[in-house]
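Note sheet for the following structure.
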């Protein structure tokens, strides 16, 4: 019995260390996939747009968790998304986003796009967790499919990040 217990504790210790990312991201960003975390950390140094988005989230009362994408339903066909059921944990709003790819500049551009949506949600009076309210105001958001919305600001952010990363890749 003691051998099994010791083996179980050792497995948890080893897997816990293996799952810990070496990349240091700001406190308000919790990226579960280490490859994506490393890509975001690198890209934040190469993209002023992404760095600005990260700093704005860091200055907010949100904890943003980047979780694996859903494997069924509408979200399974998307490159990324935000779960708008933002509960409160103490003084923090907990917001979950997902990115379908876990590495590379394309994944980072999607991450930035979704991070822009997070800021829209945090900064909009109408977006107290209810995105249906935002869809009514076509200037801010519009339906882009079943249970999905889009904003020009998020599209612009993703495109700007993509351009900045491409430009810095050429000079390296």
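Numbering (the numbering used here), first residue to last: 2 to 173. Glycine included, C-beta positions come from ideal geometry on N, C-alpha and C. Since this is a predicted model, take the numbers as computed values, not measurements.
Return the CA-CA distance between residue i and residue j, expressed in angstroms with no decimal places.
i, j, result
"residue 134", "residue 141", "At residue 134, the pLDDT of 46 sits below 50, so the modelled position is not reliable and the matter cannot be decided from this model."
"residue 69", "residue 158", "22 Å"
"residue 86", "residue 94", "10 Å"
"residue 29", "residue 84", "16 Å"
"residue 82", "residue 169", "26 Å"
"residue 56", "residue 71", "27 Å"
"residue 34", "residue 22", "8 Å"
"residue 53", "residue 114", "12 Å"
"residue 61", "residue 92", "10 Å"
"residue 154", "residue 125", "13 Å"
Quick check on the burial criterion: 16 or more other C-beta atoms within 10 angstroms. Buried or exposed for residue i?
i, result
"residue 145", "exposed"
"residue 187", "Given that the chain is displayed from residue 2 to residue 173, the structure contains no residue 187 and the question cannot be resolved."
"residue 74", "exposed"
"residue 161", "buried"
List the residues that DSSP assigns as beta-bridge partners of residue i.
i, result
"residue 65", "30 and 96"
"residue 83", "98"
"residue 154", "DSSP output for residue 154 lists no bridge partner at all."
"residue 169", "Paired residue(s): none; residue 169 is not in a bridge."
"residue 146", "149"
"residue 119", "Per DSSP, none; premise fails for residue 119."
"residue 89", "94"
Would you kindly check if the distance between the Cβ of residue j and the Cβ of residue i is under 7 Å?
i, j, result
"residue 96", "residue 119", "yes"
"residue 47", "residue 103", "no"
"residue 39", "residue 50", "no"
"residue 101", "residue 80", "yes"
"residue 123", "residue 63", "yes"
"residue 121", "residue 152", "yes"
Could you tell me how far apart the beta carbons of residue i and residue j are, in whole angstroms, since I believe they sit closer than 8 Å?
i, j, result
"residue 112", "residue 41", "6 Å"
"residue 44", "residue 89", "30 Å between Cβ atoms; not a contact."
"residue 106", "residue 166", "4 Å"
"residue 31", "residue 65", "7 Å"
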